[in-house]
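Numbering-wise, the sequence shown is residues 187 to 364 according to the working numbering.
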Amino acid sequence: MFPNNGKDRLWIIFQHRGKNPGFHWAFLLSPKNESNDTWSTAYDITNSILMGADGTGNWVDLNPDSQWRYRGLRQIQPLRLGDLICRALIAKPKPGLAQAIEDVLSKVGIREGDTCRIWLLRALTVLKGLFPDIPDPSTLEAPATAFAERSKALLVGPQPTLWITNIADYPVADFRER
Numbered sequence: 187m188f189p190n191n192g193k194d195r196l197w198i199i200f201q202h203r204g205k206n207p208g209f210h211w212a213f214l215l216s217p218k219n220e221s222n223d224t225w226s227t228a229y230d231i232t233n234s235i236l237m238g239a240d241g242t243g244n245w246v247d248l249n250p251d252s253q254w255r256y257r258g259l260r261q262i263q264p265l266r267l268g269d270l271i272c273r274a275l276i277a278k279p280k281p282g283l284a285q286a287i288e289d290v291l292s293k294v295g296i297r298e299g300d301t302c303r304i305w306l307l308r309a310l311t312v313l314k315g316l317f318p319d320i321p322d323p324s325t326l327e328a329p330a331t332a333f334a335e336r337s338k339a340l341l342v343g344p345q346p347t348l349w350i351t352n353i354a355d356y357p358v359a360d361f362r363e364r
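Encoded structure:
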């Protein structure tokens, strides 16, 4: 389960897609006091490959049609992701709410035409019932995307100007409603 030693933070994290445009959008629940080895809980949808055995011992892609699927309560170490660009703070939940967040997000559902970004923005509306400081999705997308683009320019490309060696080095922004 999620290691918890105090207050938590709920973030939107943005991950670059290499040469592809845009970002992968995901939720991240992490302790307020992080270290480089801190485990956090990620929630998102993905249409990535899903490797599994085919019954004969061969590994195959179990998602050949790139269907979107929900991934919740995934334990990650953000510093080790390799493609993290930045984090946007959206709430300061009380400790121990990882399962409540999972319960809410697992019921959001995936609709025709959803992407990780569209699903996450819709999920924000549902999460607002748990956390009043969650930003309004209709006003969040443009500034959050602009923040991610500025952050990507610092980290990725022919002349990066920001080097990440610690979790605290990542660009952060506070998008909570107050």
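Where a beta carbon is used, it is the ideal one built from N, C-alpha and C, also for glycine. Since this is a predicted model, take the numbers as computed values, not measurements.
- Secondary structure note for S226: it is in no alpha helix (DSSP H), and the uninterrupted beta strand (DSSP E) holding it is S226 to T232.
- When only Cα atoms are considered, L341 and L267 end up about 14 angstroms apart.
- K218 counts as exposed, since fewer than 16 other C-beta atoms from the protein chains shown sit within 10 angstroms of its C-beta.
- Boundaries around F333 are those of the alpha helix (DSSP H), P323 to L341, since no beta strand (DSSP E) includes it.
- In this structure, T227 sits away from R255, with a CB-CB distance that is not shorter than 8 angstroms.
- The straight-line gap separating the alpha-carbon atoms of R303 and W225 is approximately 23 angstroms.
- Counting of Cβ neighbours within 10 angstroms places L248 among the exposed residues, the total staying below 16.
- Inter-segment contact for the region 258-267 and the region 327-335 is absent: fewer than three beta-carbon pairs are separated by less than 8 angstroms.
- In its chain, beyond the 5 residues on either side, I320 have a beta carbon closer than 6 angstroms to the beta carbon of K314.
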